[in-house]
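In the numbering used here, the protein residues as written are 4 to 735. Just so it is clear, CB atoms sit at the ideal spot from N, CA and C, and this is done for glycine as well. Notes for the one structure printed next.
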DNA sequence: CTCTCGCCTGTTTTT
DNA sequence: CAGGCGAGAG
């Protein structure tokens, strides 16, 4: 392995740094994975470190896998470190190993967002909190936020809270107890419990500090406080901590990521070395310049300016389209053109968008054009109803205390065990100190109707039998038995004859079966609980096989860390991107801009950006006004295309109010304004009442959502108002 | 107890 | 438009 030949001077400086903290500020496409892998390989090969002393943390399994493989390839002798994984996977691994020391049961199950919500709803019911008054989803996100901040229920209760938070606090306390009763941890717990555990048991922390003398963290700008703390604890003793990140690509503030972690790294580790990687190896000069100019509009960044020796490349293409279908057609057309022009495979193309819902129209058009595609993300495979149903059985088998899964499966498919019976069984089980399976088996004593008793006992026996055999039998066999016994697949297949959805669901079940079989073949021993672990921690993104030749569709968030020769960013409209909720605060808007930056910098050769003048959402239509971000792109770097017929005079001229991109904006009849008082539908010509100026007529509307401005004539005077602040009401 | 119908409401992003 | 939820019938 020759570092000198493979790396540029800055990369080399980072890769050769051995002792002490290291911060690598790595711009998009600057080869950070390369540096990271070389560094680790070097630590092992040249410095002679035991690979097991190295810990490497990533955010996706895919990134972890890639890193492991690349290190392996460099070393070429199978000595690659074993502790390379996502925060969640590594934490889980330690938690299970040390469960007894942390006061946990090592067979805990992992609850995803769905399970969390189900449990929260139940807890709320027990507390007599109306889910109308307090949205369970909102409570869930508050609790999740608290855990990201390492705030436990007691601390949460002690903070000066408002009324809503006081109720969150009650739920949080009860929810946490319920989790423990269920022997379950939610996603956020995986990190938090480990931190808490380490803090409570110093000897254990010390053990792991000794074990992991060299720690690497990828995407450091995305760490939240709990993750930060975890790293901090582990690295405290030897301070051999290498973090890599890019503050310009921080796009997860909404889930607790704290950009301060990277900005203040040097404060935390004053002796640290800082290396900047600013040479970009990925994109053309044009693309990079577009990215640079856009991101410059953000304040509060460490300030990098990427450069490249790559060719200048083509202008960025901005396409105006009529509506989302037209946009889909246009994207398809451009892909075909590029393919024909330079003989490119489909896998060279990706279409990125802000919200998952946008994939639909794109899919329709791709399908119509018979262009194979794959959607990465969206509703995750392991979160689909039918898949979760089957997994629910497995979860109960592994952990019969899991009442969330128990409730899910006890009457799925219907077996005559309704609410009344289930509650009787549960009350009985709790009173007798039995788990759910035992409760079923002994349900004769629970006071059910005779037919319900029979049903419950049959289910109980079935589950107990599988639970008993789970250590000796492959996960695939257990899953097959569940599917057979419940007739789950058979029912779906019968239904599939007349319903397309049923066919899809049947396929998902078959795919699950295939996944368990694949797992059972490659794992030894192929235990159910290990399979469940994988299912819980593997995202759809990780399952994506990029070697198959097809167009990739995904959200901009999912695209981070990837690159494609041809990138399309669709739905470039105000209110959609930037998303309306983010348009009011500077911070949120800057995060949206970073997201745009991430999108731009995915492209190697060619970047297409499109927007639609009309976008159907829900039932109705929303006018599409081109995104404010478009005006931040220097005109000379842009080639404008449009499928919309314009009067010749409208072209290229500074149309109207100056914030336009040179296109005449669509003038649809109605636009929706969001105001603190709710949404308001306005249209030009409509009459409105203003609290100060009285009645008037709308002459012109600019912007949309919370940014809508209207020009209104009140008698003789014309006023421009910000709809959000004007407290208008419509009148006949 | 189960199923179906119709109403309501909601789309940001995810480990 | 779709998925969730409550009410009411069988």
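When DSSP reads this structure, residue 279 sits in a beta bridge with 28. The DSSP-derived three-state label of residue 435 is helix. Taking 8 Å as the cut-off, the beta carbon of residue 111 is found closer than this to the beta carbon of residue 188. Boundaries for residue 302: no beta strand (DSSP E) harbours it, and the DSSP string shows neither H nor E there. Going by beta carbons, residue 326 and residue 532 fall outside the 8 Å limit.
Looking at the DSSP output, residue 467 bridges to nothing. DSSP links residue 625 through a beta bridge to 618.
The C-beta of residue 324 has 16 or more other C-beta atoms within 10 Å across all chains shown, which makes the residue buried.
Contact between the segment 255-264 and the segment 285-302 is not established, with fewer than three Cβ pairs separated by less than 8 Å. DSSP places residue 477 in the coil class of the three-state scheme, outside both helix and strand.
Going by beta carbons, residue 597 and residue 154 fall outside the 8 Å limit. Rounded to whole angstroms, the gap between the alpha carbons of residue 498 and residue 733 is 49 Å. Secondary structure within the segment 141-177: the alpha helix (DSSP H) runs of 4 or more consecutive residues, fully enclosed, are 156-161 (chain order). If only uninterrupted alpha helix (DSSP H) runs of at least 4 residues are considered, those enclosed by the segment 532-587 are 543-546, 559-562.
Ranked by Cα distance from residue 248, the options 304, 58, 439, 544 are led by 304. At the C-beta level, residue 624 and residue 354 stay beyond 8 Å of one another.
Taking C-beta separations shorter than 6 Å and ignoring five residues to either side along the sequence, the partners of residue 58 in its chain run 86, 215, 218, following chain order. Under the rule that a run must span 3 or more residues, the beta strand (DSSP E) segments found entirely inside the segment 38-66 read 57-61. The shortest CA-to-CA distance from residue 123 to any of 147, 102, 101 is the one to 147. When the beta-carbon positions are compared, residue 150 and residue 229 come within less than 8 Å of each other. Contact check for residue 243 and residue 23: beta-carbon distance about 7 Å, within the 8 Å limit, so the pair qualifies. According to DSSP, residue 613 shares a beta bridge with 322. Taking C-beta atoms under 8 Å as the contact rule, residue 374 and residue 512 fail to qualify, at a distance of about 28 Å.
Three or more beta-carbon pairs separated by less than 8 Å link the segment 453-468 to the segment 416-435, which places the two stretches in contact.
DSSP places residue 530 in the coil class of the three-state scheme, outside both helix and strand. Judged by pairs of C-beta atoms under 8 Å, the segment 169-185 does not touch the segment 195-213, as fewer than three such pairs exist. Nearest C-alpha to residue 505 among 522, 685, 240, 387: 387. Residue 90 sits away from residue 196, with the two beta carbons spaced by 8 Å or more. Closest in C-alpha terms to residue 39, from the list 51, 56, 16, 55, comes 16.
In this chain, the alpha helix (DSSP H) harbouring residue 362 covers 362-371. Counting along the chain, residue 219 sits inside the beta strand (DSSP E) bounded by residues 217-220. Nearest C-alpha to residue 176 among 204, 582, 142, 200: 142. Excluding the 5 residues flanking it on each side, residue 579 has same chain C-beta neighbours closer than 6 Å at 357, in chain order.
In the three-state reduction of the DSSP assignment, residue 268 falls in the helix class. Annotation: the continuous alpha helix (DSSP H) that includes residue 388 extends over 388-401.
Contact between residue 404 and residue 185 holds, with the beta-carbon distance rounding to 5 Å and staying under 8 Å.
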